[in-house]
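The structure appears right after this line, and notes come after that.
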Amino acid sequence: MLPDRRLLLVHAHPDDESSQSAATMARYLAEGAQVTLVTCTLGELGQILVPEWQHFTPQELGAHRQQEIAEAMEIIGVTDHVFLGGPGRYHDSGMVDTDLGKAGIPDEMPDNAFWLSDLLEAADYLVEIIRSRKPQVAVTYDPHGNYGHPDHIKAHRTLMYAVQLAATPSHRPDLGAPWQVQRILWNTHNTSRWAEAYAIARERGLKLWGEGDHDHADEDMTQRFGPDPEQIVAVVELQPYLDICRRALLTHRSQVKGDDPFWQFFSIMQELPGSGEAYLLGAGTPFPQGDGPASDLFEGLDVADA
Ligand SMILES: [Zn+2]
Numbered sequence: 004m005l006p007d008r009r010l011l012l013v014h015a016h017p018d019d020e021s022s023q024s025a026a027t028m029a030r031y032l033a034e035g036a037q038v039t040l041v042t043c044t045l046g047e048l049g050q051i052l053v054p055e056w057q058h059f060t061p062q063e064l065g066a067h068r069q070q071e072i073a074e075a076m077e078i079i080g081v082t083d084h085v086f087l088g089g090p091g092r093y094h095d096s097g098m099v100d101t102d103l104g105k106a107g108i109p110d111e112m113p114d115n116a117f118w119l120s121d122l123l124e125a126a127d128y129l130v131e132i133i134r135s136r137k138p139q140v141a142v143t144y145d146p147h148g149n150y151g152h153p154d155h156i157k158a159h160r161t162l163m164y165a166v167q168l169a170a171t172p173s174h175r176p177d178l179g180a181p182w183q184v185q186r187i188l189w190n191t192h193n194t195s196r197w198a199e200a201y202a203i204a205r206e207r208g209l210k211l212w213g214e215g216d217h218d219h220a221d222e223d224m225t226q227r228f229g230p231d232p233e234q235i236v237a238v239v240e241l242q243p244y245l246d247i248c249r250r251a252l253l254t255h256r257s258q259v260k261g262d263d264p265f266w267q268f269f270s271i272m273q274e275l276p277g278s279g280e281a282y283l284l285g286a287g288t289p290f291p292q293g294d295g296p297a298s299d300l301f302e303g304l305d306v307a308d309a
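For what it's worth, the working numbering labels the leading residue of the sequence shown as 4, then goes sequentially.
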């Protein structure tokens with residue numbers, strides 16, 4: 004028997020789950036829900052923040068990051084973690100920095116880069132996972148991959164397509180009985196909290212997003228952080244899981260350094276009262292009308308159907 008409530012999360016690289024979904028995963032596990040995390044690549048092209056590891060080849064970094072995420076899974080309590088198509092099936096596509104913390108698509112990437120992969124093939128790996136885990140709620144990035152990383156955009160496309168295919172009886176019956184995900188949520192920046200944290204970080208003199216080259220007004224920066232706060236349909240509160248979130252994030256030692264200005268900013272943001280992991284409605288059943296964002300991703304869904 005599967006638990007009543009089942010959640011699937013699709014992330015592009017090891018560390019994305021800890022920076023964006025750790026509180027969500029910890030909370031639903033604590034409440035007895037089934038939580039499945041799919042990671043699409045090993046993050047072989049992540050920037051290495053630790054000087055001693057600068058010599059790592061992409062393969063070595065990928066192997067190292069598998070260990071990092073395994074530790075994060077232990078801290079959060081996730082036992083159902085899958086690499087899409089198996090570890091190393093899809094290679095990190097890399098990214099180029101563009102304006103103010105946004106990412107762009109590099110001119111060259113490895114042959115098996117996730118960005119270059121066949122969408123149907125990638126989606127079919129997920130179809131099998133969706134049909135066996137039967138999630139009512141699935142989570143991934145928005146269509147722009149939140150900040151433009153090609154692997155985040157591809158993760159979005161793969162999940163959106165897989166949800167359609169998984170529910171289609173004529174599609175690959177060998178991958179399991181059809182299953183309809185009821186709600187797709189796109190994780191997003193909690194815009195107003197990011198703006199508050201940005202103001203505090205500036206006051207403390209932290210250097211963020213190439214300031215100095217740009218002279219943007221604070222309101223302009225606020226708009227760059229994320230969607231109109233009115234569009235945020237759900238927020239999973241961070242506060243009860245702050246310690247788990249922090250420890251999970253710090254397992255990603257190659258990518259996360261506590262004294263880096265961005266991660267200092269991130270920590271300020273996490274500590275703000277009312278901070279939480281924010282979601283947009285991507286598809287499926289809307290949340291019941293309420294005062295502001297819902298606090299439960301399953302609110303209003305029929306979960307007694309498996
Ligand atoms: Zn990522």
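Idealized CB from N, CA, C, for every residue including glycine.
Values in this document were obtained by computation on a predicted structure and should not be read as measured data.
Here residue 130 carries a helix assignment [DSSP, helix/strand/coil]. Residue 145 has its CB no nearer than 7 Å to any heavy atom of ligand 1. Between residue 106 and residue 85, the alpha-carbon positions lie close to 26 Å from each other. The DSSP-derived three-state label of residue 300 is coil. The shortest C-alpha to C-alpha distance from residue 132 to any of 254, 77, 290 and 11 is the one to 11. Remark: the shortest separation between the CB of residue 159 and any heavy atom of ligand 1 does not fall under 7 Å. In this structure, residue 68 lies near residue 49, with their beta-carbon atoms less than 8 Å apart.
At a cut-off of 3 residues, the continuous stretches assigned as beta strand (DSSP E) that sit fully inside the segment 79-124 are 83-86. The three-state reading of DSSP puts residue 182 in coil, since its state is none of H, G, I, E or B. Remark: C-beta atoms of residue 95 and residue 47 approach each other more closely than 8 Å. 8 Å or more divides the Cβ of residue 301 from the Cβ of residue 236.
One residue list follows from the rule of a beta carbon closer than 5 Å to any heavy atom of ligand 1, given in chain order as 15, 16 and 19.
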